[in-house]
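Participant: Going left to right, the sequence shown walks through residues -27 to -1, 1 to 556 as mature numbering (1 follows the signal peptide of the UniProt record, and there is no 0) numbers them.
Positions of the beta carbon are idealized from the N, C-alpha and C atoms, including for glycine.
A quick note: this is a predicted structure, and the numbers were derived from the prediction, not measured.
Input: one structure, supplied below.
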Amino acid sequence: MSGTTRRPLRRRWVAMCASVVTGLLLAGCGGSNSGSGSGGSDTSISGTAAADTFNSGTPKQGGSVTWTIEKTMDNWNILSADGNTFDYAQVVNPLTPSPYIFNPSYSVTLNTDLMVSADETSTSPQTVVYKIQPNAVWSDGTPINADDFIYNWQVQNGTDANIAAATTTGYQDITSVTGSDNGKTVTTVYKTPFGDWKSLFTNMYPAHIAKEHGNNEASFNWFQTNPLPVSGGPFVVSSVSGDKTSVILKRNTKYYGKQSPLDQLTFRAITDASQEPTALQNREVDGIYPQPQTTLVNQLKGMGSQITYKIDAGLGFEHIDFNLKNSALGNATWGKTLRTAMFTATDRNAILTKTIQQFQSSAVPLNSRMLVPGQNGYQDNVTQFGLGEGNTAKAEQLLTSAGFKNVGAGKGGLEAPDGTKIPTFQMKYTVGNQIRLDTCSLFASEMAQLGINVAVTPTDNLGATLTQTGGNGYDIVVFAWVNTPFPSSANQPLYTTGGGGNYGGYSNKNVDAWLAAAASSTDTATQISNLNKADQQISQDAYTLPLYQKPTLIAFYPNLVNVRDNATSMGPTYNAGQWGLKS
């Protein structure tokens, strides 16, 4: 989740690097929807049909591309809670098969390389039948079949408490997965309807390799620490450097779809985002996908027509979260008032002015946690509750009316109605991310006006900080989620009691019910209605504060073709098998 975090939708991704957890683009010259020019573009096409064909072309055969990720490759199992990060997924995408593809236009299309068909054949009980291409095999020649669907269901359905899956949403609703036709037909039967069934079985891991490494728990853990020995995608792992900063993929000659034009695709980890433009300019890498920051964008602008870059608006959003496990923030009597006052005093417009409006002047506060502008059903579920308006006087009045003492700056520190001294809160952000540091600094200064002390501290492991493991933790945190095109199943684990992405311990029975109803419905209007009800309640409970829709930034050399932004959780490598060099 630089650190942006994203998370399940199938999984919504925690953007953990300085990269995505996903705008617009900088004014430049020569950019176009066809990608025929070089330089920058200030026109966002994310979520439109044009996004699917940006920079399209016919590549020549052969050659290699080096792409940047922002984390060392420490975890290969992106289905796991610890491995559920955007950067890891960028490497794993070209290695693992998925029935459906999440496109830059936010459309979802059948992966016809892998699948003949996937159809919902019954609604009572809900039944989905997948037919796998007869020639679809893993790179060692083993057929991709029902065993793979069964294994990936079993390790994500939540029945084994020892398996820390990133999400169980959808998988927990399936009662059976069975194979027929020599395993090439897969039938899934649901005990509870699940409207976003197309989000499931994304990035499948090989069942026959899992069997070589023990039971489901053992194999699931094995996949975390070991590079995939076989591939079901257009590339295979060739080598990994000892320090895990370089991963070399070679063309999978056994791939059942169209062969990749490239001989080699290398991923290089650059953990300091500020160094990415330099690496690009020095041709140490061919492309980067960092989180936009003013200095970084200016560096790219300075490279002129040497490179192509684009800023887009995407499905991710930046937000501030409270940890309700903190005894003050989560206090059953007065914690909600404290949180509401804190978010009322938070000036989102000031945050945007200081941060992303420096390079994206059209950015505005985001007023939903569930949807972004352009998605069906987006509405303002925030401002009606006064959150994010930067109204210190109103925040002070909320606290005073509730019996808080020493309200305001220079009065000795805020005290709760029962006399509890409000402690110093630890606010965490991803190390090296200037935008997040600026956000935290502004927030801390605003809280000081209420008599609340906030200590701003960086973390070099956002995942451990959010899961509060290894001595890590937080009281307040700023990060981002990157979504897939399935908002119902994506949001359920983030705000449901005990959900895998509900790091702050939020619990509201009504929200649980609304999100469950959204996830189980196959009717879009019903999904949207329930998502918005839940969103409004979360605002009333002042658990999180959405800040803005994350801009994405992609930059690469103009000799690359079919490389493009994909602001969904799949990211740019969703079509890595089509990447190539201009002929």
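State the DSSP-derived secondary structure class of S5, mapped to helix, strand or coil.
Facilitator: In this predicted model, S5 has a pLDDT of only 30, less than 50, meaning its place in the structure is not dependable; the value taken from the coordinates is given anyway. It is coil, neither helix nor strand.
Participant: So if DSSP puts H292 in a beta bridge, which residue, or which two residues, is it bridged to?
Facilitator: H292 pairs with F452, P519.
Participant: Out of N379, S334, N322, point me to the one whose CA is closest to A286's CA.
Facilitator: The shortest Cα separation from A286 among N379, S334, N322 belongs to S334.
Participant: From G553 to G359, what does the alpha carbon distance come to, in whole angstroms?
Facilitator: Approximately 50 Å, taken between the alpha carbons.
Participant: Specify the secondary structure class of S462 as computed by DSSP and reduced to three states.
Facilitator: In the structure shown, S462 sits in a helix (DSSP, three-state: H, G or I).
Participant: Within 10 angstroms of the Cβ of S9, are there 16 or more other Cβ atoms? Answer buried if so, exposed if not.
Facilitator: In this prediction, S9 scores a pLDDT of 34, lower than 50, which makes its location untrustworthy; no coordinate-derived value is stated.
Participant: Consult DSSP for F495 and reduce its assignment to one of helix, strand or coil.
Facilitator: Reading off the sequence shown, one finds Thr at residue 495, where the question assumed Phe. It is coil, neither helix nor strand.
Participant: Beta carbon of D60, beta carbon of I42: below 8 Å?
Facilitator: Yes.
Participant: Going by DSSP in three states, F75 sits in which element: helix, strand or coil?
Facilitator: In this structure, F75 counts as strand in the three-state DSSP scheme.
Participant: Excluding sequence positions up to five away, which residues of its chain have a Cβ less than 8 Å from the Cβ of L410?
Facilitator: Only Y402, V429, P431 meet the Cβ criterion.
Participant: Consult DSSP for Y103 and reduce its assignment to one of helix, strand or coil.
Facilitator: Here Y103 sits in strand by DSSP.
Participant: According to DSSP, is E190 helix, strand or coil?
Facilitator: The answer is helix: DSSP assigns E190 an H, G or I state.
Participant: Given this structure, state the Cα-to-Cα distance separating S219 from Q232, to the nearest angstrom.
Facilitator: Their backbone Cα atoms lie some 23 Å apart in a straight line.
Participant: Could you tell me the distance, in whole angstroms, from the CA atom of T317 to the CA atom of N505?
Facilitator: Rounded to the nearest angstrom, the two C-alpha atoms are 20 Å apart.
Participant: Just list the residues that DSSP pairs W40 with in beta bridges.
Facilitator: DSSP, once it has assigned bridges, lists F240, G260 as partnering W40.
Participant: Tell me whether the segment 496 to 516 and the segment 344 to 352 touch, counting them as touching only if at least three CB pairs, one residue from each stretch, are closer than 8 Å.
Facilitator: Result yes; three or more Cβ-Cβ pairs closer than 8 Å.
Participant: Taking the alpha-carbon of T96 as reference, which of T397, Y262, L439, P166 has the nearest alpha-carbon?
Facilitator: Considering only alpha carbons, the answer is P166.
Participant: What are the partner residues of F398, as DSSP defines its beta bridges?
Facilitator: Partner(s): V427.
Participant: Counting only the same chain and skipping the five closest in sequence on each side, list residues whose C-beta sits under 8 Å from that of G443.
Facilitator: Once the five neighbours on either side are set aside, the close Cβ partners of G443 are N434, A437.
Participant: Is there a Cβ of chain B sitting closer than 8 Å to that of Q509, yes or no?
Facilitator: The structure shown contains no chain B; it holds only a single protein chain.
Participant: For P98, does the count of other Cβ atoms within 10 angstroms reach 16, so buried, or fall short, so exposed?
Facilitator: So P98 counts as exposed.
Participant: Reducing DSSP to helix, strand and coil, say where T224 ends up.
Facilitator: For the record, residue 224 in the displayed sequence is Arg; it is not Thr. Here R224 sits in strand by DSSP.
Participant: Check the DSSP bridge columns for Y163 and list the partner residues they point to.
Facilitator: I147, per the DSSP bridge assignment.
Participant: I need the straight-line Cα distance from L(-3) to I182, nearest angstrom please.
Facilitator: Confidence at L(-3) is low in this model, with a pLDDT of 17, below 50, so the placement of that residue is unreliable and no value is reported for it.
Participant: Under 8 Å by Cβ, that's how I've got I105 and V159 pegged, so tell me the actual separation to the nearest angstrom.
Facilitator: About 7 Å separates the two Cβ atoms, so the contact holds.
Participant: Whose C-beta lies closer than 8 Å to the C-beta of L68 among residues of the same chain, with five residues either side of it excluded?
Facilitator: For L68, where only same-chain residues beyond five positions count, the Cβ hits under 8 Å are L201, S204, G205, G206, F208, V209, V210, L222.
Participant: So, with DSSP's three-state summary, where would you put L(-3)?
Facilitator: Residue confidence for L(-3) is low, a pLDDT of 17 falling below 50, so the modelled location carries little weight; the figure read from the coordinates is stated next. Of the three classes helix, strand and coil, the one that applies to L(-3) here is coil, per DSSP.
Participant: Using DSSP's beta-bridge definition, name the partner residues of P338.
Facilitator: P338 is bridged to Y521.
Participant: From which residue to which residue does the beta strand (DSSP E) around A91 run?
Facilitator: Start and end: 88 to 96.
Participant: Are at least three pairs of beta-carbons, each pair with one atom in the segment 460 to 479 and one in the segment 77 to 94, less than 8 Å apart?
Facilitator: Segments in contact, no.
Participant: Measuring CA to CA, which of I74, D294, D216 is closest to I511?
Facilitator: Cα-wise, what sits closest to I511 is D294.
Participant: Given 8 Å as the limit, is there contact between the segment 167 to 186 and the segment 119 to 129, that is, 3 or more CB pairs closer than that?
Facilitator: Contact between the segment 167 to 186 and the segment 119 to 129 is present, because at least three Cβ pairs lie under 8 Å.
Participant: Would you decide whether Q264 is buried or exposed? Buried here means 16 or more other CB atoms lie within 10 Å of its CB.
Facilitator: Per the 10 Å Cβ criterion, buried.
Participant: Which of the three DSSP states is assigned to E388 in this structure?
Facilitator: E388: strand per DSSP, three-state reduction.
Participant: Residue 557: buried (16+ other C-beta within 10 angstroms of its C-beta) or exposed?
Facilitator: No answer is possible for residue 557: it lies beyond the span of the chain, which begins at -27 and ends at 556.
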